[in-house]
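Participant:
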Amino acid sequence: MKKNSLGKTGIKVTEMCFGALPIGPLQANISVEKGAKLIRAALERGVNFIDTAEAYKTYPHVRKALEGYNKEVIITTKSSAKTYKEMEQSIKDALESLGRSYIDIFLLHAARVTPSVFEERAGAFQCLQDYKARGVIRAIGISTHAVGIVRRAAKIKEIDIIFPIINKIGIGIIDGSVDDMVKEISEAHKAGKGLY
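Put into structure tokens, the structure is as follows:
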């Protein structure tokens, strides 16, 4: 399976990513064993990229899928933490729950918020920067449904990765159209941000 580099991070991921949200309790509520089998099947077919989040409650599924698996797997997780202390706890919980010594990509989970998220959650964002500096996180960024946040994130040098919502008919896109989001994704790419 073809791999692409995420911006300037040096992280290479397969074109297909296993999004763990649908297998968790917020959607299909698949058991840990069954969910782990699904993830493992994807990994064994060449996928090396898993997207999860604290809110998805799928860390146990991911951890079980990785038991005895020795090839490289890139894991992204996200937290809605607002303060430094809350984000620090989120990082510690992710490391422990996933059974990892580091997290590849850790994002501010900011699906439906405004571009002021960087001020409102400055403590949480600083925590991500500090843990990246310590080598506990390889890359940091933000996930969002908002065109304005993609625009703003593209200009913040500390942001490595942006995970914007995008689809043909614009479901879930906030404060703009599909064309607006495509334009901002393109600008973020030009700015060297990793996008998925």
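By our numbering, the letter at position 8 of the sequence shown is numbered 8, and the numbering carries on one by one without gaps. Where is the CB? At the ideal position from N, CA and C, for every residue including glycine. Since the model is a prediction, treat every value here as computed from it, not as a measurement.
(1) Please report the Cβ distance between T14 and N70, rounded to the nearest whole angstrom; I am assuming they are in contact, meaning their Cβ atoms lie under 8 Å.
(2) Once DSSP output is grouped into helix, strand and coil, what is the label at H109?
(3) Quick one: Cα of Q126 to Cα of L108, how far?
(4) Only counting the same chain, and skipping five residues up and downstream in sequence, which positions put a Cβ closer than 6 Å to that of K8?
(5) Counting only the same chain and skipping the five closest in sequence on each side, list residues whose C-beta sits under 8 Å from that of K2.
(6) Which residue comes first and which comes last in the alpha helix (DSSP H) that contains I156?
(7) Can you confirm whether the region 144-161 touches the region 111-122 when touching is taken to mean that 3 or more C-beta pairs between the two stretches lie within less than 8 Å?
(8) Counting pairs of beta carbons, one from the region 46-66 and one from the region 77-92, are three or more of them closer than 8 Å?
(9) Is the region 83-102 in contact with the region 183-190, if contact means three or more CB pairs nearer than 8 Å?
(10) Nearest to E72 by alpha carbon, out of E33, R40, I159 and K190?
(11) What residue range does the alpha helix (DSSP H) around I39 cover?
(12) State the start and end residues of the unbroken alpha helix (DSSP H) segment that holds I91.
(13) Nearest-angstrom Cα distance between D51 and G19?
(14) Which residues in the same chain as R121 place their Cβ atom closer than 7 Å to its Cβ, once the five residues preceding and following it in sequence are excluded?
Facilitator: Let me spell this out:
(1) That pair is no contact at about 17 Å.
(2) strand
(3) 11 Å
(4) G192
(5) T14 and E15
(6) Taken as a continuous stretch (DSSP letters only), I156 belongs to no alpha helix (DSSP H), as it is neither H nor E.
(7) yes
(8) yes
(9) no
(10) R40
(11) V32 to E44
(12) Y84 to L98
(13) 5 Å
(14) K82 and L108
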